[in-house]
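Engineer: Residue numbers (my numbering): 1 to 92.
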Amino acid sequence: MRKVEKMVRRMYRIIKDEKEKEENRAILEKKIKENHNKKEASAGYVDRKMESCKSWTKLYVDKKCKKLTILTMASVAVMIIFWNFALNYIRR
Numbered sequence: 001m002r003k004v005e006k007m008v009r010r011m012y013r014i015i016k017d018e019k020e021k022e023e024n025r026a027i028l029e030k031k032i033k034e035n036h037n038k039k040e041a042s043a044g045y046v047d048r049k050m051e052s053c054k055s056w057t058k059l060y061v062d063k064k065c066k067k068l069t070i071l072t073m074a075s076v077a078v079m080i081i082f083w084n085f086a087l088n089y090i091r092r
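(1) Quick check: the Cα distance between Val-4 and Tyr-12, rounded to an integer number of angstroms?
(2) Does the CB of Val-4 have a neighbour CB from chain D at under 7 Å?
(3) Using only the alpha-carbon positions, how far apart do Lys-38 and Lys-16 sit?
(4) Measure the C-alpha to C-alpha separation of Phe-82 and Ile-90 and round it to an integer number of angstroms.
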C-alpha cells in the first residue's frame, strides 16, 4: 500500500511539475515577446533621436560655416580697405 501511495504521489508531483513548467514557459514566452516589442520601440526611439541630432548638427555646422564665411569675407574686406588706405598714405 505504501509503495502504491508513493508512486501515486510521485506521479502527481511529476504531472504538477510539468504543468508548472508549461505555465512558466508560456509566461516566459510572453515576457520575451514583450521585451522584444519594447526593444523594437526603443530602437525606433533611438533612431528618431539620432536623426534629430544629425539634422540639428548639420544645421548648426551649416550656420557656423556661413558665419565663418561671412567673417572671412569681412576680414578680407577690412584688409583691402586697410591696404588701400596704406597705399594712399604712402603715395602722398
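Note that CB positions come from ideal geometry on N, CA and C, so glycine has one too.
Structural biologist: According to the data block:
(1) 12 Å
(2) Any reference to chain D falls outside this structure, which holds one protein chain only.
(3) 33 Å
(4) 12 Å
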